Amino acid sequence: MKVHDVLRDVYMKSKYKIFGIIIVGIITVFLSYIALNFRWHLVLRDNKVIEYKAGLVDKNIRNLTIYIPEGTTEIMDDAFSGCKSIEKVYIPESVKIIHRRAFIGCKNLKVINLPESLEKIDRDAFNGCTSLEVIRIPESVEYIGESAFSGCTDVKEISLPQSLKKIKEMTFFGCENLNNIEFPQNITDIEMGAFMGCENLEVVKLPDTLSRIEDYVFSGCKALREVVLPNNLKYIDDAAFNGCTSLSSIYLSDSVEGLGYNAFGECTKLSEINIPDSISRVGAYCFEGTEWYKKLPVDSEGLKYYKHILFQSTYNMKDVLIPTEITVIAGGAFMGNDELKSVVLSDRLKSIGEYAFSGCSKLYNIAIPETVRYIGSSAFSNCKSLENISIPKHITHIYNNTFENCEKFQHIELPQGLEYIGKEAFKGCTLIKKTVIPKNVKQIDDGAFSLCINLENVEFEGEPLYIGNSFYDTKYYNSIKEDGYSCKYIGNHLIELVDKKRGKVIIKDGTISIANKAFSQSKIRKIVFSKELKIIGESALGHCYRLEDVEFPNGLIYISKLCLIDCRNLKRVYIPKSVEDVGESILLGSGNVKEVIVSKEIAEKIDFYENVKVRYID
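Counted the way this note's numbering counts, the sequence shown spans residues 1 to 618.
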């Protein structure tokens with residue numbers, strides 16, 4: 001045999017051997033993959049459940065039982081999110097925290113034991129677990145986050161721990177089969193929409209520790225027939241009991257001061273209600289659609305009122321004399337009366353509700369007595385014939401749109417005790433030329449004096465903590481000169497970056513606030529903040545697509561909602577320990593953020609994307 005033939009044979013044997021090894025390797029990897037993924041398993045790290053991985057044979061099963069290992073301390077964000085195959089989960093006594101969205105969308109989850117070691121159930125933890133029937137929350141739990149059990153449609157029974165002091169927004173929203181709930185005796189807050197849409201809830205007994213029922217808390221609870229309100233209750237907010245069609249009577253204690261918009265609206269069977277003298281504010285449509293309201297008589301002047309509250313003007317009168325016993329004008333009482341010209345108010349009047357005279361386009365004469373302490377939002381909006389109005393000295397807040405489009409206002413004197421001017425409060429008051437902002441004013445929101453095209457002189461007697469873009473489209477605003485970085489300031493407040501193409505801005509020393517949307521949709525790459533900065537407004541840095549790094553200054557106190565919305569290339573954010581609170585969704589749409597340096601307390605209020613590394617400040 002020739003040498004080359006020998007070499008060929010050796011080569012072929014080696015080739016086949018290598019090929020065989022490769023084939024065996026592939027088969028081994030394949031079998032290993034199958035072995036590892038044949039059944040479900042948990043990904044654990046540092047005694048925390050990071051992720052549930054469904055097995056190849058589990059994906060079409062609907063009755064899996066999961067045992068979380070002993071020693072586990074936390075179930076992390078989205079760990080079991082959308083797992084439709086899980087029916088039962090057993091959690092060991094070592095677990096202290098169930099994080100955000102941990103079991104969200106587990107539609108077949110029927111049984112879950114919450115251990116006595118548990119301290120916190122974070123927002124959306126069990127949202128959409130439509131098969132859960134019983135929820136027993138142990139006494140160790142001190143915190144339940146927003147929407148934690150929202151959409152648990154089959155839940156019939158919930159036990160809440162006495163340790164719980166707050167029920168957060170939308171916590172049990174849409175638990176339509178819930179028929180009974182016993183509230184902890186130390187509860188101080190039930191937040192917006194907490195039990196909204198619990199259609200089978202029949203009886204509610206609220207503890208005396210509760211002073212406020214917030215917006216929409218029991219809205220749409222169609223079976224609710226009995227409500228025992230706290231003796232110390234002060235406010236029932238907007239639509240709190242709206243659509244509770246089985247409710248026939250309600251007792252309000254002498255502590256109640258305010259009833260919000262549509263608070264008992266469309267409670268069609270409500271026929272018995274007491275109105276205490278303590279009530280000083282009533283929102284529009286508060287009792288609309290109730291039997292009680294339908295039976296209220298209308299006087300010869302076309303006014304519908306009960307005791308000290310004027311609810312509605314039923315006719316398009318031109319001149320109105322308000323009865324002397326009236327101390328409260330409810331929201332929307334004269335709204336849209338385009339024939340009304342003159343109103344004489346009671347000299348005992350205490351409050352004027354939202355939209356009370358809105359759209360009374362011919363109203364030219366009304367004197368607000370000094371006894372008034374509250375004027376609601378949009379109360380006089382679009383009163384286009386109103387030439388002059390005196391704001392009572394006890395008014396501390398002028399709310400959103402209160403005097404919007406009062407086109408004939410030539411002069412407005414703000415009371416010395418005023419602390420707040422809301423959004424678009426005087427928008428479109430085109431004849432106003434001058435205004436003096438009293439020294440006690442702490443905040444002036446966006447558009448407060450916008451479109452006051454002749455406003456050219458604004459005098460500040462003090463130094464507000466925040467000024468939004470409050471004066472746009474006025475002579476005053478147009479006279480403000482930009483600095484070298486194309487920024488407009490009012491005192492120590494940055495209002496707007498004018499040149500949106502600018503790549504870098506150094507904010508001037510002493511600046512204490514940045515207005516809403518000040519840098520929005522700009523091409524800014526770098527911002528150097530002032531050391532004195534305290535407040536950053538809503539969407540202030542939103543849609544800044546080129547922004548990659550944001551380091552907020554030490555001393556900052558508050559970051560408003562959506563501050564960094566849709567900053568697509570943002571990689572790093574530093575939030576100093578000085579920050580006391582942040583608004584909702586400050587990083588919404590900024591999905592490429594890799595690192596956020598923040599205190600643990602503030603981090604709990606921020607929704608992070610999966611790829612974010614959160615570093616806590618000591």
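Positions of the beta carbon are idealized from the N, C-alpha and C atoms, including for glycine.
Model, not experiment: these values are computed from the prediction.
Cβ-heavy atom distance, residue i to the ligand ZN, below 6 Å
{"i": "I368", "result": "Judged by which ligands are present, the structure shown has none, so any question about the ligand ZN falls away."}
Residue i classed as buried or exposed, judged by whether at least 16 other C-beta atoms fall within 10 angstroms
{"i": "D347", "result": "exposed"}
{"i": "L340", "result": "buried"}
{"i": "D254", "result": "exposed"}
{"i": "T324", "result": "exposed"}
{"i": "D618", "result": "exposed"}
{"i": "R281", "result": "buried"}
{"i": "Y374", "result": "buried"}
{"i": "V598", "result": "buried"}
{"i": "K423", "result": "buried"}
{"i": "Q410", "result": "exposed"}
{"i": "A540", "result": "buried"}
{"i": "I169", "result": "Strictly speaking, residue 169 in this sequence is Glu, with Ile absent from that position. So E169 counts as buried."}
{"i": "L296", "result": "exposed"}
{"i": "R100", "result": "buried"}
Reduced DSSP category for residue i - H, G, I as helix; E, B as strand; rest coil
{"i": "N611", "result": "coil"}
{"i": "I602", "result": "helix"}
{"i": "N37", "result": "Residue placement at N37 is poorly supported in this model, since its pLDDT is 47, which falls under 50; the coordinates still yield a value, given next. Of the three classes helix, strand and coil, the one that applies to N37 here is helix, per DSSP."}
{"i": "N242", "result": "coil"}
{"i": "N337", "result": "coil"}
{"i": "Y619", "result": "The question about residue 619 has no answer, for the chain in this structure spans 1 to 618."}
{"i": "E70", "result": "coil"}
{"i": "L31", "result": "Since pLDDT at L31 reaches only 46, below the 50 mark, its modelled position is unreliable, and the value read off the structure follows with that caveat. It is helical."}
{"i": "Y616", "result": "strand"}
{"i": "Y261", "result": "coil"}
{"i": "N478", "result": "helix"}
{"i": "K53", "result": "strand"}
{"i": "K696", "result": "Past the edges of the chain, shown from 1 to 618, lies residue 696, and the structure says nothing about it."}
{"i": "Y472", "result": "coil"}
{"i": "Y306", "result": "strand"}
{"i": "K620", "result": "Here the chain covers residues 1 to 618 and nothing more, so residue 620 does not appear."}
{"i": "Y364", "result": "coil"}
{"i": "T435", "result": "strand"}
{"i": "F460", "result": "strand"}
{"i": "R281", "result": "strand"}
{"i": "E625", "result": "Residue numbering for the chain in the displayed model covers 1 to 618; residue 625 lies beyond these limits and cannot be assessed."}
{"i": "I137", "result": "coil"}
Anticipated Cβ contact below 8 Å, residue i with residue j, distance rounded
{"i": "E532", "j": "I512", "result": "5 Å"}
{"i": "P230", "j": "L252", "result": "The pair is not a contact, with the Cβ atoms about 11 Å apart (cut-off 8 Å)."}
{"i": "N454", "j": "K475", "result": "6 Å"}
{"i": "T268", "j": "G289", "result": "6 Å"}
{"i": "S486", "j": "L497", "result": "6 Å"}
{"i": "N262", "j": "D238", "result": "6 Å"}
{"i": "K528", "j": "I559", "result": "Residue identity check: residue 528 is Val in the sequence provided, not Lys. Their Cβ separation, rounded to whole angstroms, is 17 Å, which puts V528 and I559 out of contact at 8 Å."}
{"i": "I144", "j": "I167", "result": "7 Å"}
{"i": "A379", "j": "I421", "result": "Wrong, their Cβ atoms sit about 14 Å apart, outside the cutoff."}
{"i": "I586", "j": "L562", "result": "7 Å"}
{"i": "Y235", "j": "E257", "result": "6 Å"}
Residue from the options with nearest C-alpha to residue i
{"i": "K107", "options": "S163, V155, R100, A518", "result": "V155"}
{"i": "S140", "options": "L160, S147, K48", "result": "L160"}
{"i": "T73", "options": "V227, P115, G105, F287", "result": "P115"}
{"i": "L588", "options": "E601, E610, D78", "result": "E610"}
{"i": "I181", "options": "G151, T188, V227, K442", "result": "V227"}
{"i": "L270", "options": "F357, F334, F241", "result": "F241"}
{"i": "K427", "options": "F608, N405, S300", "result": "N405"}
{"i": "S578", "options": "R568, I586, G591, K600", "result": "K600"}
{"i": "I137", "options": "N127, I158, T153", "result": "I158"}
{"i": "E354", "options": "Y52, G376, V372", "result": "G376"}
{"i": "Q443", "options": "T430, S479, H411, N400", "result": "N400"}
{"i": "E580", "options": "C567, C563, N592, I602", "result": "I602"}
{"i": "S163", "options": "P184, G174, E463", "result": "P184"}
{"i": "R572", "options": "R546, G555, E584", "result": "R546"}
{"i": "P207", "options": "N200, P297, I121, N232", "result": "N232"}
{"i": "Q521", "options": "F172, G503, S479, I432", "result": "G503"}
{"i": "N63", "options": "L310, E51, E301, S85", "result": "S85"}
#### Entry: At least 3 beta-carbon pairs within less than 8 Å: the stretch 84-96 vs the stretch 63-75
yes
### Task
Count the C-beta pairs between the stretch 411-419 and the stretch 302-321 that are closer than 8 Å, then say yes if the count reaches three, no if not.
no
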